[in-house]
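J.:
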Amino acid sequence: MAGVWGGVVALAGRGEERCGWVLARRCEEPLRLGFQPPKKPRVVVDLSLWHEHTPGEKHELVEQILTALNVVRGVLWDGVLWVTNAPAEFLQLLDLHARGLVHGMKIVGGLPPLSSPVVLDPEGDCLFTEEVAYSHDEFIIGGIVDKERTAKSGTKRLAQRIGVEKRCRIELRGSRVGVPDRINKIVEIVLKTLSGVPLEEAILAAQARRDRLYRLMWEIQKRAVRGPDGKLRITPEALAEANWLRAPPEEVELALRKAHAVLIQGLS
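Taking numbering that gives the first Met the number 0, I'd label the letters of the sequence shown as residues 0 to 267.
1) Fully enclosed by the stretch 100-135, which beta strand (DSSP E) runs are 3 residues long or longer?
2) Helix, strand or coil for Trp217? Go by DSSP, reduced to three states.
3) So the alpha helix (DSSP H) Asp180 belongs to, where does it begin and stop?
4) At what residue ranges does the stretch 54-97 contain a whole run of the beta strand (DSSP E), taking only runs of 3 or more?
5) By DSSP, does Ile143 sit in helix, in strand, or in coil?
6) Locate the alpha helix (DSSP H) running through Ala241, then write down its first and last residues.
7) Going by the CB atoms, is the gap between Gln206 and Gly177 shorter than 8 Å?
8) When the distance is taken between beta carbons, is Met216 closer than 8 Å to Ala246?
9) What is the DSSP secondary structure of Arg225, reduced to helix, strand or coil?
10) Assuming Val44 contacts Ile188 under a Cβ cut-off of 8 Å, what Cβ separation, rounded to an integer in Å, is found between them?
11) Which residues does DSSP list as the beta-bridge partners of Ala260?
12) With distances taken Cα to Cα, identify the nearest neighbour of Gln63 among Phe89, Thr192 and Asn84.
13) Mind checking His50: buried by the 16 CB within 10 Å criterion, or exposed?
14) For Gly141 and Gly226, I'd like the C-alpha separation in whole angstroms.
15) Where are the alpha helix (DSSP H) runs, 4 residues long or more, that stay fully inside the stretch 184-219, in chain order?
16) Based on the DSSP output, what are the partners of Glu137 in its beta bridges?
17) Is it right to say Asp120 is buried, meaning 16 or more other beta carbons lie within 10 angstroms of its own, or is it exposed?
18) For Cys125, which residues from the same chain have a beta carbon less than 6 Å from its beta carbon, with the 5 sequence-adjacent residues on both sides left out?
19) Secondary structure at Arg17, three-state DSSP: helix, strand or coil?
20) Counting Cβ pairs closer than 8 Å, one from the stretch 228-240 and one from the stretch 193-211, do we hit at least three?
21) Can you tell me where the alpha helix (DSSP H) with Arg156 in it begins and where it stops?
22) With a 10 Å radius around its C-beta and 16 neighbouring C-beta atoms as the bar for buried, classify Phe138 as buried or exposed.
23) Ordered along the chain, which non-local residues of its own chain (more than five positions away) have a Cβ less than 6 Å from that of Ala144?
24) Flag Ile233 as yes when its Cβ comes closer than 7 Å to any non-hydrogen atom of the ligand HEM, and as no otherwise.
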């Protein structure tokens, strides 16, 4: 069992409960269910700033949304994912990247009425917590990719455009360092948290190797001491404390090299 939302049990490939249904490639008669999915949660990717992106960033944005759809499908259903303020060009690129895709995402040119929204903004003035997650229905993620330019305060400007005041940032033990910023990863963090996974564990599970490495370097630099030769020095005990991220040994070695830190037995 993957989780429970609104009294609906989501089944997964593994679990203690056995499902009485089987999946078939072909059905002689379509199976029509009188099931109405719960109206929440909704994960909203808003494309109000689509026009600011370079052609390459637009393609990357479409790919991240498609990956986010796969994340949603892993635990819930397509209708959980909304793409709002979507221009015609987005639909053209979506068809280019996933021609013939059958989906149930809600893609609209405007923004439907929202009941209890929160914008996930790395510069938000409130902290995203489990309590915030449970008390909101719509989680708005800015459709922003800034690989080829700097989108200064992009999510804040997007929130102002769509008229949503509450903006919350996701932090990992008091810092944004190491928190994934890809759209699909943010979707993963939100859905895991809503399913009952502690927020910190949801972030750690969603981290890519790069995210974990950056945070580990930051933790090492906080605990290391600079020696007379200018190099950072850290004890095994301090290094173990820094690696609460549970990074494997090869990543720890790489983080030490990138942080220009050396491991010593004791500091004098």
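Every residue, glycine too, gets a C-beta built ideally from N, C-alpha and C.
T.: To lay it out plainly:
1) 116-119
2) Reduced to three states, the DSSP call for Trp217 is helix.
3) First-last for Asp180: undefined, no H or E at that position.
4) Counting only runs of 3 or more, we get 80-83.
5) In the three-state reduction of the DSSP assignment, Ile143 falls in the coil class.
6) Pro235 to Ala241
7) yes
8) Cβ distance not < 8 Å, so Ala246 and Met216 don't count as in contact.
9) strand
10) About 14 Å; that fails the 8 Å criterion.
11) Partner(s): Leu231.
12) Phe89
13) exposed
14) Per the coordinates, the alpha-carbon of Gly141 lies some 43 Å from the alpha-carbon of Gly226.
15) 198-205
16) Arg41 and Pro116
17) buried
18) Cys167
19) coil
20) Per the Cβ contact rule, the stretch 228-240 is not in contact with the stretch 193-211 (fewer than 3 Cβ pairs under 8 Å).
21) Gly153 to Ile161
22) buried
23) Residue identity differs from the one stated: residue 144 is Val in this sequence, not Ala. The answer, listed in chain order, is Glu56, Glu59 and Leu60.
24) Annotation note on the ligand HEM: not contained in the displayed structure, which lists no ligands.
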